[in-house]
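*Asks:* According to our numbering, the sequence shown is numbered sequentially starting from 568.
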Amino acid sequence: MFLEKNFYLDLSSGFIEITAAFILVTIFVFFISHYISKFVENRKISFPQLKSIFKSRKFFYFLLLLLFVLNLGLRLDDLGHPKRYFFDENFFAFTAQEMAKGNPQGWQKGKRAPGKAEFEWTHPPLGKEITAVGILIFGDKPSSWRIMQALFGAFGAIFIFLLAKNLFNSFTAGIFASFLYSFEAMLFAFSRIALVDIYLFNFILLASLFFVKFTKYRHYRYLFLTALFSGAAMSVKWTGSLVVVFLFSLSILVVFYKDYYEKKNSKLPWKSFIIIGAVFSLIPFLVYLASYIPYFLNGNSFGDFVKFQETMYEYHKNVSKLHVYRSPWWTWPLLLRPLCLYIEKIGKYREYIYAMGNPVIWWAGIAALIYSVYYSIKNKYYPLIFVVLSFMAYIVPWAISPRKITYIYHYIPSLLFVILALSFCLNKLWAVSIKYKIIVTYFLICVVAAFIFFHPVLSGERMPKYELKSYRWMKSWI
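Spelled out as structure tokens, the structure:
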């Protein structure tokens, strides 16, 4: 394990200086907000027209549109850099290129290609097929390998807004969730690389959104859409099967609780159980099977398909090659081991792309998650119970996974629900008083500041070699 050597916290002087400045400014903001709040209360200042504008739906949708445009602009900026494969693009981007050409090897256990490129066959094909669509539309070039990831990354800001709004019945909570998503550094990095993970994250958000709608309105069309996007997640990566199992189990529990326990019925709702079981056993499987249509059209039988799945499982079970950036699951929430995606040496200069989280979001998110556990248990607040259970559902399996080599990006599905927990806490503080509105605003400014600070090592900006030290807050970083 990488923790065995060179893992102690070697805090840099930059980290100490930033932390000290943060503490001092936080104390200053707290006192200023206190006096502003007292001044407003004593003067009884009221802005009814302004308040009505800020609370209108049009205003919230306008903010959401701004966040979407911001997300899209950030992700499209210099998307073609670097102009070559980096990290695992030599597997995923290359295979998507071959799919766009109609090469049947793109859907099979392909042989090694010339150079460093190689067919990616260890994951289901849907993510690579989506990438291939971007190549078909925009041409075969680096920016086109990554265009669909950038679009999905931008739309994720809308999906998480809708999920938070429906969960907490609050437009403000939705805006907070979308804002945090927009400046989450690791989500940013994975929406600018031709891998398939960003598709998985979005399908998890959509499946969760329609599950929430199903629990609120009990229309089976929402259950169908939940199963559909759960199947899409599973068709991108097998970790998406956790979504299927988790949301199926919760659907059964929700129906049992609402139709049997709450109503004190004498008979179990077997009809609903059967419908849920049929939907979740059929729809995800059909979606998964549909992603392999080109595989079957190239002469492969269902028996070949089954053997192929067995081969994929054996690969993941036996992954044991050590990697310098590997990290165990319990270190992920603490942001102890970011992942290097790209390094380019150009004379005295360097270009870096790191998959690292925004430390303000990640570390504050731990506190928000702990509070969410406390609040949900004390108040039996089911939206937060769903958030906490979702967090657990997507991280705990990694503790028992047969795959021994894991990386910090495996944490992102759980991170989405950390963002939701944090948005709930911010929304709760925002509603208290003007003083807390100022504090929340200051926190959001810190989120943006951290994103801007780390942006050079998220996007591959050229810098002198010595500058990297300022981003190395711990010895295990960068």
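Even glycine gets a Cβ: it sits at the ideal position worked out from N, Cα and C.
Could you check if A794 is buried or exposed, using at least 16 other CB atoms within 10 Å of its CB as the buried criterion?
*Replies:* It counts as buried.
*Asks:* Can you check which of these residues, M666, F735, A660 and Y919, is closest to Y859 by C-alpha distance?
*Replies:* Ranking the options by Cα distance to Y859, first place goes to M666.
*Asks:* Can you give me the Cβ contacts of V886 inside the same chain, cut-off strictly under 6 angstroms, excluding the 5 residues immediately before and after it?
*Replies:* Contacts found: R970 and I972.
*Asks:* Going by CA-CA distance only, name the one from N733, Q675 and F659 that's closest to S711.
*Replies:* The shortest C-alpha separation from S711 is found at F659.
*Asks:* How many Å lie between L617 and F626 at the Cα?
*Replies:* The predicted model places L617 with a pLDDT of 46, which falls under 50 and marks its position as unreliable, so this point remains unresolved.
*Asks:* Cutting at 8 angstroms between CB atoms, please list the residues of its own chain near F847, excluding the five before and the five after it.
*Replies:* These residues qualify, in order along the chain: A794, S797, V811, L814, F815 and S818.
*Asks:* Which of the three DSSP states is assigned to I920 in this structure?
*Replies:* If DSSP states are grouped into helix, strand and coil, I920 belongs with the strands.
*Asks:* Which residues share a DSSP beta bridge with P1031?
*Replies:* The partner list for P1031 (beta bridge, DSSP) reads Y916.
*Asks:* Is the segment 750-763 touching the segment 1019-1028, taking contact as three or more C-beta pairs under 8 angstroms?
*Replies:* Touching, yes.
*Asks:* Do three or more CB pairs link the segment 1004-1023 to the segment 958-968 at distances below 8 angstroms?
*Replies:* Contact between the segment 1004-1023 and the segment 958-968 is absent, because fewer than three Cβ pairs lie under 8 angstroms.
*Asks:* Restricting to runs no shorter than 4 residues, where is the alpha helix (DSSP H) found entirely within the segment 664-724?
*Replies:* Complete alpha helix (DSSP H) runs here, min 4: 693-705.
*Asks:* CB-CB under 6 angstroms to F770, same chain, minus the five flanking residues each way: which ones, in chain order?
*Replies:* Closer than 6 angstroms at Cβ, skipping near neighbours: F796, A799 and A800.
*Asks:* Starting from the Cα of V821, find the closest Cα among T806, F781, T898 and I841 and give me that residue.
*Replies:* It is F781 whose Cα lies nearest to the Cα of V821.
*Asks:* With DSSP collapsed to three states, give me the class of F574.
*Replies:* Residue placement at F574 cannot be trusted, given a pLDDT of 45 that sits under 50; what the coordinates show is reported in the next sentence. Of the three classes helix, strand and coil, the one that applies to F574 here is coil, per DSSP.
*Asks:* Closer than 7 angstroms by C-beta to S802: which residues in its own chain qualify, once you throw out the five before and the five after it? Chain order, please.
*Replies:* Only P691, L693, V854, Y855 and S858 meet the Cβ criterion.
*Asks:* Between S745, F735, T806 and A744, which has its C-alpha nearest V779's C-alpha?
*Replies:* When only C-alpha atoms are compared, the closest one is F735.
*Asks:* Rounded to the nearest angstrom, what separates E911 and P851 at their Cα positions?
*Replies:* Going by the C-alpha atoms only, they are around 41 angstroms apart.
*Asks:* Quick one: complete beta strand (DSSP E) runs, 3+ long, within the segment 928-967?
*Replies:* None, since the segment 928-967 contains no complete beta strand (DSSP E) of that length.
*Asks:* Would a C-beta distance cut-off of 8 angstroms place A740 and S1043 closer than the cut-off?
*Replies:* Not in contact: A740 and S1043 (Cβ atoms no closer than 8 angstroms).
*Asks:* Taking the DSSP output, what are the residues bridged to I910?
*Replies:* For I910, which the question treats as bridged, DSSP gives the partners Y919.
*Asks:* CA-CA distance, K708 and I1012?
*Replies:* Those two C-alpha atoms are separated by around 36 angstroms.
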